[in-house]
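One structure is given below, encoded as structure tokens.
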Amino acid sequence: MRIFDIYRDITERLKTDIPSIKYFDYWNNQHLFEDNYPFPTPACFISVSSGSFSELSANVQITEINLSVYLMDIIAEDTYNAPASEKIKTYQDILEGIYNSLNGQELTSLTEITKTNFENIVEHPAVYLFKQEFSGAVVAEV
Numbered sequence: 011m012r013i014f015d016i017y018r019d020i021t022e023r024l025k026t027d028i029p030s031i032k033y034f035d036y037w038n039n040q041h042l043f044e045d046n047y048p049f050p051t052p053a054c055f056i057s058v059s060s061g062s063f064s065e066l067s068a069n070v071q072i073t074e075i076n077l078s079v080y081l082m083d084i085i086a087e088d089t090y091n092a093p094a095s096e097k098i099k100t101y102q103d104i105l106e107g108i109y110n111s112l113n114g115q116e117l118t119s120l121t122e123i124t125k126t127n128f129e130n131i132v133e134h135p136a137v138y139l140f141k142q143e144f145s146g147a148v149v150a151e152v
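Right under this line is the structure:
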């Protein structure tokens with residue numbers, strides 16, 4: 011299973027389940043580079059990486075997959091017209107939607123998805139950036 015296949019499956023699931031997310035992309039620290047703007051927000055960025063590998067049998071291998079799902083919005087432009095408390099409720103709804111879409115679920119490319127961490131990343135006062143981490147497994151014949 012390729013990393014892109016997992017990314018595509020996760021993105022399609024979230025697009026279907028959470029239509030309020032306006033933009034999806036593979037995570038590459040987009041918020042740190044002005045050339046990456048503008049993109050519609052709230053935006054969802056996804057990072058997929060492999061963890062440990064183990065052999066189930068001579069020809070079957072299981073790979074632990076680490077998945078990070080970032081939710082980002084830029085708030086500097088509209089803070090006056092949309093109080094932060096209202097935006098936080100929207101983000102909480104989206105974050106809960108991400109959790110419900112992935113935790114305990116199985117996709118074509120990934121099984122045993124479990125949330126492992128949540129983080130509110132504060133790097134810039136005008137950017138809301140939340141990160142949810144999940145783990146899963148891929149079983150493949152080698």
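In terms of this note's numbering, the sequence shown has 76 at position 66, counting the first letter as 1, and numbering is strictly consecutive.
Cβ coordinates follow ideal geometry from the N, Cα and C atoms, glycine included.
Small disclaimer: the values here were computed from a predicted structure and weren't measured.
Beta carbon of serine 145 nearer than 8 Å to that of threonine 124: In the sequence shown, counting from the first residue as 1, residue 145 sits at position 135. In the sequence shown, counting from the first residue as 1, residue 124 sits at position 114. Against a cut-off of 8 Å, the Cβ pair of threonine 124 and serine 145 comes out as a contact.
Can you name, in chain order, every residue of its own chain whose Cβ lies under 6 Å from the Cβ of alanine 127, other than the five neighbours on each side? Walking along the sequence shown from the start, residue 127 turns up at place 117. A small correction: the amino acid at residue 127 is asparagine; alanine does not occupy that position in the sequence shown. Glu143.
Given a threshold of 16 other Cβ atoms within 10 Å of its Cβ, counted over all protein chains shown, does isoleucine 16 qualify as buried or as exposed? Numbered from its first residue, the sequence shown carries residue 16 at position 6. Counting Cβ neighbours within 10 Å, isoleucine 16 comes out buried, since at least 16 surround it.
Between Arg12, Glu116 and Pro52, which has its C-alpha nearest methionine 82's C-alpha? To locate residue 82, count along the sequence shown from 1; it is residue 72. Residue Pro52 is the option with its Cα nearest to methionine 82.
When you compare the region 129-143 with the region 70-84, are there three or more beta-carbon pairs, one atom per stretch, that lie closer than 8 Å? The answer is yes - the region 70-84 touches the region 129-143, with three or more Cβ pairs under 8 Å.
Please name the residue, chosen from Tyr101, Phe14, Ser67 and Val70, that lies closest to asparagine 130 on a Cα-to-Cα basis. The residue you call residue 130 lines up with position 120 of the sequence shown. Asparagine 130 has its Cα closest to that of Tyr101, out of Tyr101, Phe14, Ser67 and Val70.
To test your reading of the DSSP string, which unbroken beta strand (DSSP E) runs of 3 or more residues are found completely within the region 110-149? 121-131
Span separating the alpha-carbon of serine 64 from that of glutamate 96: Here the question's residue 64 lines up with position 54 in the sequence shown. Here the question's residue 96 lines up with position 86 in the sequence shown. Whole-angstrom Cα-Cα distance: 46 Å.
The alpha helix (DSSP H) spanning aspartate 19 covers which residue range? In the sequence shown, counting from the first residue as 1, residue 19 sits at position 9. Run containing aspartate 19: 13-27, per the alpha helix (DSSP H) assignment.
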